[in-house]
Amino acid sequence: MPRRDKRMSLGQHLVELRRRLMIAALALVVGMAVGFLITDPVLKLITEPIRQVAQTRGETGAVELMFSTVTSGFDLKLRMSFAIGLLISAPIWMWQIWAFVMPGLTRKEIRYTVGFLAAAIPLFFAGCWAGLVVMPHIVELMASFVPAGAAAFYDASYYYDFVFKLLLVVGVAFVLPVFLVALNFAGIMSGRAILKGWRIAVLVSIVFAALATPAADIVSMLLLSGILVVLFLAAAGVSLLFDRRRAKRVAAILPPEAPA
1 MPRRDKRMSL
11 GQHLVELRRR
21 LMIAALALVV
31 GMAVGFLITD
41 PVLKLITEPI
51 RQVAQTRGET
61 GAVELMFSTV
71 TSGFDLKLRM
81 SFAIGLLISA
91 PIWMWQIWAF
101 VMPGLTRKEI
111 RYTVGFLAAA
121 IPLFFAGCWA
131 GLVVMPHIVE
141 LMASFVPAGA
151 AAFYDASYYY
161 DFVFKLLLVV
171 GVAFVLPVFL
181 VALNFAGIMS
191 GRAILKGWRI
201 AVLVSIVFAA
211 LATPAADIVS
221 MLLLSGILVV
231 LFLAAAGVSL
241 LFDRRRAKRV
251 AAILPPEAPA
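When you line the sequence shown up against UniProt numbering, it's residues 1 to 260, in that order.
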């Protein structure tokens, strides 16, 4: 197939788009097949807090994961397989998207995009890890409100949704500072303007952490909000450094002003 460039017709672009979508879909299917095989250890990992709560309560069968319908176990496996497959196949489908868009970008835009992806991907996984660390404390805290002698049955589908959404939301929150740096690179916001909004950033971080964690879990809330504030300050610092470099380049290009 000829190399795609800006001179290709609309039909050729659509043909290549279809080819890359098919490759991405095939990678997703293979990733889902692998994910289906490893759902049991993943489920064991995310349900570890339930077993810890059961041991803490000291009542056999007092805390259990519940599958309420005949097909709920299989449905949960399919949902987990899709999420795991999407994660495993991410390098392939992200490359397909990148390869389709890249010929239309300038060399400078390509360099910036690679830099943003190199920062955003590790931050997203760091956010998922932070959510995984906070999650057991949330489960244990919520289980503490169950009266003594009562049994706590967690619906498997609801529990998985809770864990998945928590990891996703915290992961995305960790990536938001990268978008602030992107706005600075695009000349939309200066580093000084970003830093001036630190009070709003602290307030938003506390509110977000309070929504993402139970109201009674103060430790988890402070930990999560503290990490978000540190990431915001790091984004402001990077933006200030970039503004300084940009000002030096402009000063080197412009001729010095004549003395009055």
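Ideal placement from N, C-alpha and C gives every residue a C-beta, glycine not left out.
Task: Inter-residue Cα distance where the pair is residue 189 and residue 48 - done: In the sequence shown, the residue the question calls residue 189 occupies position 189. In the sequence shown, the residue the question calls residue 48 occupies position 48. Spanning the two alpha carbons is a distance of roughly 44 angstroms.
Task: Counterpart residues of residue 64 in DSSP-defined beta bridges - done: Walking along the sequence shown from the start, residue 64 turns up at place 64. Per DSSP, 153.
Task: Through-space distance from residue 120 to residue 206, alpha-carbon basis - done: If you number the sequence shown from 1, residue 206 lands on position 206. If you number the sequence shown from 1, residue 120 lands on position 120. Roughly 22 angstroms between the two C-alpha positions.
Task: Other residues of its chain near residue 166: CB distance less than 8 angstroms, five sequence neighbours each side excluded - done: Residue mapping note: residue 166 aligns to position 166 of the sequence shown, counting from 1. Around residue 166: 131, 134, 135, 138, 212.
TODO: Return the chain-ordered list of same chain residues with a C-beta closer than 6 angstroms to the C-beta of residue 209, the five sequence neighbours on each side being excluded.
DONE: Locating residue 209 in the sequence shown gives position 209, where the first residue counts as 1. If we look at residue 209 and ignore the five residues flanking it on each side, its Cβ neighbours are 221, 224, 225.
Open item on the list: Please give me, in chain order, every unbroken run of the alpha helix (DSSP H) with length at least 4 that falls completely inside the region 164–220.
Closed with: 191–196, 198–212
Task: Beta-carbon contacts of residue 173 that lie in its chain and below 7 angstroms, excluding the five residues immediately before and after - done: Position 173 of the sequence shown holds residue 173. Taken in chain order, the residues that qualify are 127, 208, 228.
Open item on the list: Could you compute how far the alpha carbon of residue 201 sits from the alpha carbon of residue 14?
Closed with: Locating residue 201 in the sequence shown gives position 201, where the first residue counts as 1. Locating residue 14 in the sequence shown gives position 14, where the first residue counts as 1. Cα-Cα distance, rounded: 42 angstroms.
Task: residue 234 burial status per 10 Å Cβ neighbour count (16 or more: buried) - done: In the sequence shown, counting from the first residue as 1, residue 234 sits at position 234. Exposed.
Open item on the list: Assuming contact is defined by CB atoms lying nearer than 9 angstroms, are residue 263 and residue 163 in contact in what I supplied?
Closed with: With the chain covering 1 to 260 only, the question about residue 263 has no answer from this structure.
TODO: Tell whether a beta-carbon distance below 9 angstroms holds between residue 93 and residue 113.
DONE: If you number the sequence shown from 1, residue 93 lands on position 93. If you number the sequence shown from 1, residue 113 lands on position 113. Going by C-beta atoms, residue 93 is not nearer than 9 angstroms to residue 113.
Task: DSSP three-state assignment for residue 70, whether helix, strand or coil - done: Counting from 1 along the sequence shown, the entry for residue 70 is found at position 70. If DSSP states are grouped into helix, strand and coil, residue 70 belongs with coil.
Open item on the list: Taking the alpha carbon of residue 22 as the reference point, which residue from 83, 67, 89, 44 has its own alpha carbon closest?
Closed with: Residue numbering aside, residue 22 sits at position 22 when the sequence shown is read from its first letter. Checking every option, the nearest Cα to that of residue 22 belongs to 89.
Task: residue 81 - DSSP class collapsed to helix/strand/coil - done: Position 81 of the sequence shown, counted from the start, is the residue given in the question as residue 81. Here residue 81 sits in helix by DSSP.
Task: Nearest-angstrom Cα separation, counted from residue 18 out to residue 203 - done: Residue 203 sits at position 203 when you count from the first residue of the sequence shown. Residue 18 sits at position 18 when you count from the first residue of the sequence shown. Going from the Cα of residue 203 to the Cα of residue 18 covers about 45 angstroms.
Task: Nonlocal neighbours in the same chain, by C-beta distance under 6 angstroms from residue 96, ignoring five residues either side - done: In the sequence shown, counting from the first residue as 1, residue 96 sits at position 96. Only 20, 23, 24 meet the Cβ criterion.
- [ ] Flag this pair as yes or no: are the beta carbons of residue 85 and residue 32 separated by less than 9 angstroms?
- [x] Taking the sequence shown and counting its residues from 1, the one referred to as residue 85 is at position 85. Taking the sequence shown and counting its residues from 1, the one referred to as residue 32 is at position 32. In this structure, residue 32 lies closer than 9 angstroms to residue 85 by Cβ.
Open item on the list: I need the straight-line Cα distance from residue 38 to residue 78, nearest angstrom please.
Closed with: Against the sequence shown, residue 38 aligns to sequence position 38. Against the sequence shown, residue 78 aligns to sequence position 78. So the two alpha carbons sit approximately 12 angstroms from each other.
TODO: Within 10 angstroms of the Cβ of residue 124, are there 16 or more other Cβ atoms? Answer buried if so, exposed if not.
DONE: Within the sequence shown, residue 124 is the residue found at index 124, counting from 1. Residue 124 is buried by the Cβ-count criterion.
Task: Minimum C-alpha distance to residue 271 - residue among 232, 51, 239, 30 - done: In the structure as shown, the chain starts at 1 and stops at 260, and residue 271 therefore has no counterpart that could be examined.
Open item on the list: Can you look up residue 39 in the DSSP assignment and give me helix, strand or coil?
Closed with: Residue numbering aside, residue 39 sits at position 39 when the sequence shown is read from its first letter. Three-state DSSP puts residue 39 in a helix.
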